[in-house]
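Undergrad: Numbering (the working numbering), first residue to last: -17 to 209. For every residue, glycine included, the Cβ atom is placed at its ideal position computed from N, Cα and C.
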Amino acid sequence: MTDQSAAESTTLIELDLWSDLVCPYSWVAKRRVETAVAAFERPHDVTVRLRSFELDPDVPRGGQVPVSEHLTVRHGGDAEVGRLMNARASEVAEADDLYFDWDRAVRANSFDAHRLCALAGEMGGPALRSAAVERFQSAHFSEGLAIDDHEVLQRLSAECGLDERRVSAVLASDEYADRVRTDEQQARSMGVTSTPFVVANAYAAVSGARSVDDYLALLRGVATATV
-17 MTDQSAAEST
-7 TLIELDLWSD
3 LVCPYSWVAK
13 RRVETAVAAF
23 ERPHDVTVRL
33 RSFELDPDVP
43 RGGQVPVSEH
53 LTVRHGGDAE
63 VGRLMNARAS
73 EVAEADDLYF
83 DWDRAVRANS
93 FDAHRLCALA
103 GEMGGPALRS
113 AAVERFQSAH
123 FSEGLAIDDH
133 EVLQRLSAEC
143 GLDERRVSAV
153 LASDEYADRV
163 RTDEQQARSM
173 GVTSTPFVVA
183 NAYAAVSGAR
193 SVDDYLALLR
203 GVATATV
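(1) Let me check one thing: in DSSP terms, what residues is Phe179 bridge-paired to?
(2) Along the alpha helix (DSSP H) that carries Arg214, what are the first and last residues, could you check?
(3) Classify Gly173: buried if its beta carbon has 16 or more other beta carbons within 10 angstroms, exposed otherwise.
(4) Looking only at its chain, what residues have a beta carbon closer than 6 Å to the beta carbon of Glu166, apart from the 5 residues adjacent to it on each side?
(5) Distance, Cα to Cα, Gly107 vs Ala186?
(6) Can you list, in chain order, the residues of its chain whose CB lies under 7 Å from that of Val88, leaving out five sequence neighbours each side?
(7) Can you tell me whether Arg43 is buried or exposed, with buried defined as 16 or more other CB within 10 angstroms of its CB?
(8) With a threshold of 16 other CB atoms inside 10 Å of the CB of Leu(-6), please say whether the residue is buried or exposed.
(9) Helix or strand or just coil, what does DSSP make of Pro42?
(10) Counting C-beta neighbours from all protein chains within 10 Å, is the total for Val55 16 or more, i.e. buried, or is it exposed?
(11) Asp221 to Lys12, Cα distance in whole Å?
(12) Since Leu32 is in the beta strand (DSSP E), which residue starts that stretch and which ends it?
(13) Note down the Cα distance separating Met(-17) from Phe93, rounded to an integer number of angstroms.
(14) If you measure between the beta carbons of Leu138 and Ala121, is that distance less than 8 Å?
(15) Asp78: which of Thr206, Ala199, Arg192 sits nearest, CA to CA?
(16) Under the criterion of a Cβ to heavy atom distance below 7 Å, does Leu135 qualify as lining the ligand NAD?
(17) Rounding to the nearest angstrom, what Cα-Cα distance links Asp160 and Val63 in this structure?
(18) According to the neighbour-count rule (16 or more other Cβ atoms, all chains shown, within 10 Å of its Cβ), is His26 buried or exposed?
(19) How should Leu66 be labelled, buried or exposed, when 16 other C-beta atoms within 10 angstroms of its C-beta is the threshold for buried?
(20) Can you tell me whether Ala69 is buried or exposed? The criterion is at least 16 other CB atoms within 10 Å of its CB, across all chains shown.
(21) Using 10 angstroms around the beta-carbon of Gly214, count the other beta-carbons present and answer buried if the total reaches 16, otherwise exposed.
(22) Whole angstroms are fine: how far does the CA of Arg148 sit from the CA of Asn91?
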């Protein structure tokens, strides 16, 4: 496989990225995928579709429970496990200029935020959905905002350019719940249990937050697979 053969291929690439808005490695993967697409020989032939997935759909809404405390409970009361998990995520993200403020980050149910990401995709396509995902992730990890609080979601959505009345209507209903569930069901049908998870052209897949070079190799491999 060569850079030249990737450049000469006429294959259009659809890249699906399943992620959870409260998964630190999903934020890392999103940034690295974007960097890989920009470095690819034919970036305009790549469509990135951000897909929804909840790692823990049963997380209660509200409560302002610190993420560190939530991880301690999940891991049998061992606070050191949560501390090490957060420290490792921060270390991985440092190279991507992402900042996690674990002293402020609070546990959140991501379902409603995922629904608003689906709304953003319908209103403004991939670019607006990407902006919404980025804003929610930044709010959760860097600003200590509760992205399951409807007032917070309303404000963050307005900052992204979403219509405020439309956001209010979605949050007051179950609109786009089916979009989120469909994404999750499709992922589970492929055996996905964690995020991030990337699929290119429905057959080449990688899991976890890979390097930019890995994502670039995935793109080039798909581009040359049918040549």
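TA: Checking against the coordinates, here is how it stands:
(1) If you number the sequence shown from 1, residue 179 lands on position 197. According to DSSP, which records beta bridges pairwise, Phe179 is partnered with Trp0, Ser189.
(2) This structure does not reach residue 214, given that the chain is present from -17 up to 209, and the question cannot be answered.
(3) Taking the sequence shown and counting its residues from 1, one reaches residue 173 at position 191. Gly173 comes out exposed.
(4) For this step, residue 166 is matched to residue 184 along the sequence shown. Residues Phe35 of the same chain have their beta carbon placed closer than 6 Å to that of Glu166, with the five preceding and five following residues left out of the count.
(5) The residue labelled residue 107 in the question sits at position 125 within the sequence shown. The residue labelled residue 186 in the question sits at position 204 within the sequence shown. Taking the straight line from one Cα to the other gives about 24 Å.
(6) Taking the sequence shown and counting its residues from 1, one reaches residue 88 at position 106. Answer for Val88: Gln46, Val47, Pro48, Val49, Gly126, Ala128, listed in chain order.
(7) On the sequence shown, residue 43 is found 61 positions in, with the first residue counted as 1. Burial call: exposed.
(8) Residue mapping note: residue -6 aligns to position 12 of the sequence shown, counting from 1. So Leu(-6) ends up on the exposed side.
(9) Residue numbering aside, residue 42 sits at position 60 when the sequence shown is read from its first letter. Under the three-state reduction of DSSP, Pro42 is assigned to coil, being neither helix nor strand.
(10) Against the sequence shown, residue 55 aligns to sequence position 73. It is exposed - the Cβ of Val55 has fewer than 16 other Cβ atoms within 10 Å.
(11) Past the boundaries of the shown model lies residue 221; the chain is included only from -17 to 209, so the question cannot be answered.
(12) Along the sequence shown, one-based indexing puts residue 32 at 50. Counting along the chain, the beta strand (DSSP E) containing Leu32 begins and ends at 28 to 34.
(13) Residue mapping note: residue -17 aligns to position 1 of the sequence shown, counting from 1. Residue mapping note: residue 93 aligns to position 111 of the sequence shown, counting from 1. Unreliable positioning characterises Met(-17) in this predicted model, as indicated by a pLDDT of 44, which lies under 50. A coordinate reading is not provided.
(14) Taking the first residue of the sequence shown as 1, we reach residue 138 at position 156. Taking the first residue of the sequence shown as 1, we reach residue 121 at position 139. Against a cut-off of 8 Å, the Cβ pair of Ala121 and Leu138 comes out as a contact.
(15) Locating residue 78 in the sequence shown gives position 96, where the first residue counts as 1. Selected option, being the one with the closest Cα: Arg192.
(16) This structure simply doesn't include the ligand NAD, nor any ligand for that matter.
(17) Position 178 of the sequence shown holds residue 160. Position 81 of the sequence shown holds residue 63. Spanning the two alpha carbons is a distance of roughly 35 Å.
(18) As a first step, residue 26 must be located in the sequence shown, where it is residue number 44. Exposed.
(19) Here residue 66 is taken as the residue at index 84 of the sequence shown, counted from 1. Burial call: exposed.
(20) Here residue 69 refers to the residue found at position 87 of the sequence shown. Exposed.
(21) Outside the displayed span of the chain (-17 to 209) sits residue 214, for which this structure offers no information.
(22) Start at 1 with the first residue of the sequence shown, and residue 91 comes out as number 109. Start at 1 with the first residue of the sequence shown, and residue 148 comes out as number 166. Straight-line Cα distance between these residues: approximately 21 Å.
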